[in-house]
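In numbering that gives the first Met the number 0, the protein residues as written are 0 to 381.
Below: one structure, written as structure tokens.
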Amino acid sequence: MRVVIAPDSFKGSLGSPEVAAALARGWQLGDPDAEVVRLPMADGGEGTLDALVGSLGGEVVTLTVEDPLGRPVEAGYGLIPAAPGRPRTAVVEMAAASGLDHVDPCPESAVAASTYGTGQLIAAALDAGVGRLVLTLGGSATTDGGAGMAEALGVRLLDADGQPIPRGGAALGSLAALDLSGLHPGIAACEVVAGCDVDNPLHGPRGAAAIFGPQKGADAATIEVLDAGLRRLGEVCSSAGLAPAEERPGAGAAGGLGYAAMVFLGAELASGFDLVADAVGLDEQVAGADLVITGEGRLDAQSLAGKTPIGVLRRAQRHGVPVIAVAGDVTEGAAPALEAGMAAAFTIVPGPVSLADAVADAEAHLERIGRHVAGVWRAARG
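Written out as structure tokens, the structure reads:
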């Protein structure tokens with residue numbers, strides 16, 4: 000019996016490595032003879048760093064960088080050792096340094112927020128000599144088109160007088176020229192892939208400012224300023240001979256960081272889940288397995304939209320392997336997941352409990368449900 004345990008994190012409770020470990024402990028109590036493979040997963044958003052480091056045996060390197068408003072903050076990037084077919088790899092979650100949880104969203108923070116701290120993390124990873132960089136786009140406080148990131152990597156953003164412009168999306172309106180001569184040399188030798196699950200362009204009615212600005216505190220007037228700045232950034236980058244990418248799907252991700260990743264880093268944008276699944280070798284692990292267990296904090300209708308449980312299900316279906324999902328909350332909206340082919344879905348909580356108690360005891364609940372499912376599966380096999 001070989002079971003692959005491939006869950007996402009339970010947001011606000013446990014990271015995916017902890018979820019996988021608890022389920023594995025439970026399974027081994029219920030079926031001690033089984034081979035259990037732990038494969039922490041993520042969908043390219045928050046938790047991707049922990050999932051990749053946990054699955055691939057890496058480490059988290061922590062340093063002090065700037066938060067979206069230029070204040071010092073401790074943030075880390077993942078460093079994964081080289082392996083056959085895989086160069087030394089770094090994982091950077093942009094939200095670690097430039098995420099929305101670092102600010103109080105309001106018009107003032109929306110126009111001033113910068114991705115400079117994310118660029119500092121990338122620069123540190125390049126200094127470590129990585130050959131591949133995985134950048135996750137999501138949860139940003141910023142709408143600066145990745146200009147701050149570019150600055151931290153050696154790009155000078157200049158006004159009409161040849162002076163550096165201030166940081167933040169609003170300042171992009173005064174951008175007149177770029178000096179690329181100081182761009183970090185490690186970029187040329189590094190493959191960059193960015194996890195992105197939106198298809199918005201850089202600017203315009205579906206652009207970064209118009210669609211995502213409100214959640215970052217931008218009002219109508221602020222959105223106009225930010226959108227104009229993003230448009231100006233695209234114009235200046237094009238004039239500097241950089242690849243046109245303003246209209247490419249995903250350019251507007253993370254406040255335009257998707258655009259900067261493409262034009263300054265040469266990044267390829269990929270589905271967040273597929274990026275993680277390919278990196279950890281999900282297909283190779285699932286092939287020949289008898290069962291896959293996946294899960295996330297809440298299994299509902301949104302799980303069909305690129306979330307980990309359905310992504311795992313679709314990969315497992317290619318190999319004819321059944322999948323069981325576990326979640327902190329399984330709602331009526333989870334019916335489409337079952338209709339898509341999920342063998343079963345279980346909530347981990349034993350009965351009516353408060354959210355605080357469910358979160359506090361999540362590890363024990365996961366271990367218990369893992370043991371119970373293993374016992375039933377073992378009995379069914381005879």
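Using N, Cα and C, we set each Cβ at its ideal position, and we do this for glycine too.
Straight-line Cα distance separating residue j from residue i
| i | j | result |
| --- | --- | --- |
| L38 | D158 | 49 angstroms |
| C195 | V35 | 30 angstroms |
| I164 | L229 | 14 angstroms |
| A187 | S180 | 13 angstroms |
| L214 | E223 | Before going on, a small fix: residue 214 reads as Gln here, not Leu. Cα to Cα, Q214 sits roughly 15 angstroms from E223. |
| G369 | R1 | 14 angstroms |
| Q119 | E73 | 12 angstroms |
| E338 | A140 | 37 angstroms |
| T61 | R380 | 47 angstroms |
| D30 | L365 | 15 angstroms |
| D56 | L136 | For the sequence presented, residue 56 should be read as Gly rather than Asp. Going by the C-alpha atoms only, they are around 23 angstroms apart. |
| G418 | A361 | Summary: the structure shown does not reach residue 418, with the chain confined to residues 0 through 381, and so no result is reported for it. |
| H183 | V129 | 13 angstroms |
| M40 | G161 | 46 angstroms |
| S238 | G172 | 15 angstroms |
| G296 | A122 | 33 angstroms |
| E17 | M148 | 31 angstroms |
| G167 | P248 | 23 angstroms |
| T221 | P104 | 12 angstroms |
| A242 | T142 | 20 angstroms |
| P349 | I210 | 40 angstroms |
| M92 | L281 | One point to set straight first is that residue 92 is Glu, not Met, in the sequence displayed. Roughly 21 angstroms separates the two Cα atoms. |
| D100 | D32 | 44 angstroms |
| Y76 | V90 | 6 angstroms |
| R231 | S15 | 40 angstroms |
| L156 | I309 | 42 angstroms |
| H202 | D218 | 16 angstroms |
| A19 | R317 | 22 angstroms |
Cutoff 6 angstroms; reference residue i; Cβ partners in own chain excluding five residues on either side
| i | result |
| --- | --- |
| R131 | P86, T88, E190 |
| G185 | L125 |
| C236 | V262 |
| A170 | I164 |
| E58 | L78 |
| A288 | R1, V3, V320 |
| V197 | A252 |
Test item: CB-CB of residue i and residue j under 8 angstroms
| i | j | result |
| --- | --- | --- |
| D42 | D66 | no |
| V154 | L174 | no |
| E246 | P204 | no |
| Y258 | A244 | yes |
| G69 | G98 | no |
| V102 | A94 | no |
| A324 | L298 | yes |
| A81 | Y115 | no |
| D226 | A208 | yes |
| A146 | T117 | no |
| G25 | R377 | no |
| P106 | G216 | yes |
| G84 | G255 | no |
| V329 | T346 | yes |
Same chain only: Cβ atoms within 7 angstroms of residue i, ignoring 5 sequence neighbours per side
| i | result |
| --- | --- |
| V322 | V291, T293, V311, L312, A315, M341, A342 |
| G264 | At residue 264 the sequence reads Leu, which differs from the Gly that was named. Excluding positions up to five away in sequence, the list reads I186, V191. |
| G206 | N199, P200, D226, L229, G251 |
| A266 | L134, V191, V192, A193, A260 |
| L13 | A361, E362 |
For residue i: DSSP bridge partner residues
| i | result |
| --- | --- |
| L134 | V91, A193 |
| D178 | R155 |
| I186 | According to DSSP, which records beta bridges pairwise, I186 is partnered with nothing at all. |
| L290 | V2 |
| A82 | R85 |
| I323 | I292, A343 |
| S139 | G98 |
| F9 | L13 |
| A74 | L62 |
| D328 | R297 |
| R37 | I4 |
| A336 | Partner(s): none; A336 has no beta bridge. |
| P163 | L157 |
Spatial neighbours of residue i in its chain, beta-carbon cut-off 8 angstroms, leaving aside the 5 residues before and after
| i | result |
| --- | --- |
| Q284 | V3, A5, V36, L38 |
| G374 | G29, D30 |
| P71 | T63, V64, E65 |
Can you confirm whether the stretch 273-284 touches the stretch 45-53 when touching is taken to mean that 3 or more C-beta pairs between the two stretches lie within less than 8 angstroms? These segments touch.
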